[in-house]
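From first to last, the protein sequence lines stand for chains A and B. According to the numbering used here, the first sequence is numbered sequentially starting from 1. According to the numbering used here, the second sequence is numbered sequentially starting from 112. No residue lacks a Cβ here, since even glycine has one placed at the ideal position from N, Cα and C. Right, one structure below, let's go through it.
2 protein chains.
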Amino acid sequence: MPRAPTTADPFNAIAEPRRRDILTLLADEEWPVTDIAERLRIGQPSVSKHLRVLLDVGLVDVRREGRQAYYRTNATQIKAIHDWTRRFERYWTHQLLRIKARAEGRTSTTP
Amino acid sequence: MPRAPTTADPFNAIAEPRRRDILTLLADEEWPVTDIAERLRIGQPSVSKHLRVLLDVGLVDVRREGRQAYYRTNATQIKAIHDWTRRFERYWTHQLLRIKARAEGRTSTTP
DNA sequence: TTGACGTATTCCGTTATGGGAATATGTTTG
DNA sequence: CAAACATATTCCCATAACGGAATACGTCAA
Numbered sequence: 001m002p003r004a005p006t007t008a009d010p011f012n013a014i015a016e017p018r019r020r021d022i023l024t025l026l027a028d029e030e031w032p033v034t035d036i037a038e039r040l041r042i043g044q045p046s047v048s049k050h051l052r053v054l055l056d057v058g059l060v061d062v063r064r065e066g067r068q069a070y071y072r073t074n075a076t077q078i079k080a081i082h083d084w085t086r087r088f089e090r091y092w093t094h095q096l097l098r099i100k101a102r103a104e105g106r107t108s109t110t111p
Numbered sequence: 112m113p114r115a116p117t118t119a120d121p122f123n124a125i126a127e128p129r130r131r132d133i134l135t136l137l138a139d140e141e142w143p144v145t146d147i148a149e150r151l152r153i154g155q156p157s158v159s160k161h162l163r164v165l166l167d168v169g170l171v172d173v174r175r176e177g178r179q180a181y182y183r184t185n186a187t188q189i190k191a192i193h194d195w196t197r198r199f200e201r202y203w204t205h206q207l208l209r210i211k212a213r214a215e216g217r218t219s220t221t222p
């Protein structure tokens, strides 16, 4: 069984750094494809392909106007990832506390 | 250029659902490989391979004791993902407000 | 209509996946 | 030492990624 397609879910979609860049860029305002390509220094076909993936997963929305396509981040899908990671929030907090405690020469159980 | 290896970074590593399951299981306490396989109904070699990926990325720690290897989630790497998603927090909040407003028959600009 | 423009898709080629089965490595026990 | 046990690795294979180049579409302008 090969790796799941990038369009399988938001987790797979955001694994690609450039797609994360695109999502960040499109968070505040919509942009047409060419502008995205210019700003991020990516070839237009690549941008189109990345946007295709993001669109399939629902991470972006499109607004077609004439021959241009304005894309914009739809953050609701990112929430799913955020919610998953949030369950570990207390662990890295504890880890930090432990590290801090060790650095100060005392154990985490005796604060 | 193919897709980045799963060991490239935590984003790629957690794209696989079973690896997320493993991380969730190992969050509270350490477990040996066989126990993980039993609890999650995955073959032992598969578990070992997933753990290998997670270990390379630093998402788990190991404690070897005799012939057993106790793995445990190291959540500090998950924080990187959490931090990235957190930057979009306000967007889905706004989106929800917009949806709610629309459902109540008023625009988001006139709350 | 023809041509220019903006976007999307297709065709490469290289690389990696994840599962199962078999096997290798290392450790404990009798 | 040999057998049992725990874990790791290798082999096999179908699937798919990503980038770049070329090309196909759809739309707008002259």
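For the beta strand (DSSP E) holding residue i, just list the boundary residues, first then last.
i: B/Glu176; result: 171-176
i: A/Ala69; result: 68-73
Run through chain B and tell me which residues come within less than 7 Å of residue i, C-beta to C-beta.
i: A/Ile14; result: Phe122
i: A/Thr85; result: Ile189, Ile192, His193, Thr196
i: A/Thr7; result: Correct list: empty, because the minimum Cβ distance to chain B is about 12 Å.
Straight-line CA distance for residue i to residue j?
i: B/Ser219; j: A/Arg63; result: Confidence at B/Ser219 is low in this model, with a pLDDT of 39, below 50, so the placement of that residue should be treated as unreliable; the coordinate-derived value is given next. Using only the alpha carbons, I get a separation of about 19 Å.
i: B/Val144; j: B/Thr117; result: 20 Å
i: A/Pro111; j: A/His94; result: Residue placement at A/Pro111 cannot be trusted, given a pLDDT of 32 that sits under 50; the coordinates are not used to answer.
i: B/Arg217; j: A/Asp28; result: Interpretation of B/Arg217 is limited by its pLDDT of 45, a score under 50 that renders its predicted location unreliable; the figure taken from the coordinates is listed afterwards. Near 23 Å, if we compare the C-alpha coordinates of A/Asp28 and B/Arg217.
i: B/Leu162; j: A/Pro2; result: 18 Å
i: A/Leu40; j: A/Ile22; result: 8 Å
i: A/Pro10; j: A/Trp31; result: 21 Å
i: A/Ala37; j: A/Leu25; result: 11 Å
i: A/Ala8; j: A/Ala75; result: 17 Å
i: B/Leu165; j: B/Gln188; result: 10 Å
i: A/Ala13; j: A/Val57; result: 7 Å
i: B/Arg201; j: B/Ile153; result: 38 Å
i: B/Ala115; j: A/Ala4; result: 13 Å
i: A/Thr73; j: A/Trp92; result: 29 Å
i: B/Leu170; j: A/Asp35; result: 36 Å
Tell me the residue span of the alpha helix (DSSP H) that contains residue i.
i: A/Ile81; result: 76-86
i: B/Ala138; result: Here B/Ala138 belongs to no alpha helix (DSSP H), and DSSP marks it neither H nor E.
i: B/Thr117; result: Where B/Thr117 is concerned, there is no enclosing alpha helix (DSSP H), given that its DSSP letter is neither H nor E.
i: B/Arg152; result: B/Arg152 -> no alpha helix (DSSP H), and no H or E assigned at all.
Taking C-beta pairs closer than 7 Å, name the residues in chain A that residue i reaches, listed in chain order.
i: B/Ala186; result: Phe88, Tyr91, Trp92, Gln95
Q. Is the region 42-55 of chain A touching the region 7-22 of chain A in the sense that three or more CB pairs, one from each, lie closer than 8 Å?
A. yes
Q. Residues in the region 130-149 of chain B with C-beta within 8 Å of chain A's C-beta atoms, listed in sequence order?
A. Arg131, Leu134, Thr135, Ala138
Q. Would you say the region 60-80 of chain A touches the region 161-180 of chain B, given that touching needs at least three Cβ pairs under 8 Å?
A. no
Q. Counting Cβ pairs closer than 8 Å, one from the region 72-85 of chain A and one from the region 189-202 of chain B, do we hit at least three?
A. yes
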